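First residue of the sequence shown: 13, per my numbering; consecutive thereafter.
Virtual Cβ for every residue (Gly too), placed ideally from N, Cα, C.
Source: prediction; values computed, not measured.
Data block below; observations after.
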Amino acid sequence: MSDEAFMALALREAAAATRHGDVPIGAVLVRDSEVVAAAHNERELRSDPTAHAEVLLLQAAAAALGSWRLEGTTVYVTLEPCPMCAGALVTARVKRLVYGPQDPKAGAALSLYNVVQDPRLNHSLELTTGVLEAESAALLRGFFESRRH
């Protein structure tokens, strides 16, 4: 499958977050062209500030693979990760990160910081940005516009 096809799965996850009032961000973890885990934001659902899609995804993938070391994996996420999530991706030893739009207010994988490629850390991720960017941005924009009315 292509980056776009895996990102489409992440977008489906993102849409699921809106069912319980969470910001629509979704993520999928892939190893050897197979989906290992998928997750979406559940901060509102769990009343947990750490229940971001990426954190939940890494937890599910580690459980599925039996190791916290997620070497050789690719994470697809519908928005540039925040500092917490970027740090978690580095710590988990994810090989590659693919995301849609950048997040100019909280992005830590290029926009405000580049935690995932900081040479001072013990691991660095390959990075691909802008995959299904317009679709991801439209989903987020629609969510926030509906909250304002």
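- In the three-state reduction of the DSSP assignment, residue 32 falls in the helix class.
- Judged by DSSP secondary structure, residue 38 falls within the beta strand (DSSP E) whose first and last residues are 38 to 43.
- Two segments are said to touch when three or more pairs of C-beta atoms, one from each, lie closer than 8 Å; by this definition the region 95 to 104 touches the region 130 to 140.
- When C-alpha distances from residue 68 are compared across 46, 51, 57, the shortest belongs to 51.
- Setting aside the 5 residues that flank it on each side, residue 77 is surrounded in the same chain by 48, each with a C-beta closer than 7 Å to its C-beta; the list follows chain order.
- For the set 113, 26, 87, the Cα lying nearest the Cα of residue 43 is the one of 87.
- DSSP places residue 139 in no alpha helix (DSSP H) but in the uninterrupted beta strand (DSSP E) bounded by 138 to 140.
- With a threshold of 16 other beta carbon atoms within 10 Å, residue 119 meets it and is buried.
- Of the other Cβ atoms in all chains shown, fewer than 16 fall within 10 Å of the Cβ of residue 62; this residue is therefore exposed.
- About 7 Å separates the CB atoms of residue 65 and residue 25; that is less than 8 Å, so the two are in contact.
- Contiguous beta strand (DSSP E) elements confined to the region 58 to 116 occur at 85 to 89, 108 to 111, taking only those with 3 or more residues.
- If the five residues before and after residue 98 are omitted, its C-beta is found closer than 6 Å to the C-beta atoms of 120, 121, 127, 128, all from its own chain and listed in chain order.
- A straight line joining the alpha-carbon of residue 23 with that of residue 72 spans about 18 Å.
- By the criterion of a C-beta distance shorter than 7 Å, residue 27 is surrounded in its chain by 36, 151, once the five residues flanking it on both sides are discounted.
- For residue 145 against residue 108, the beta-carbon gap comes to about 17 Å, at or over 8 Å, which does not count as contact.
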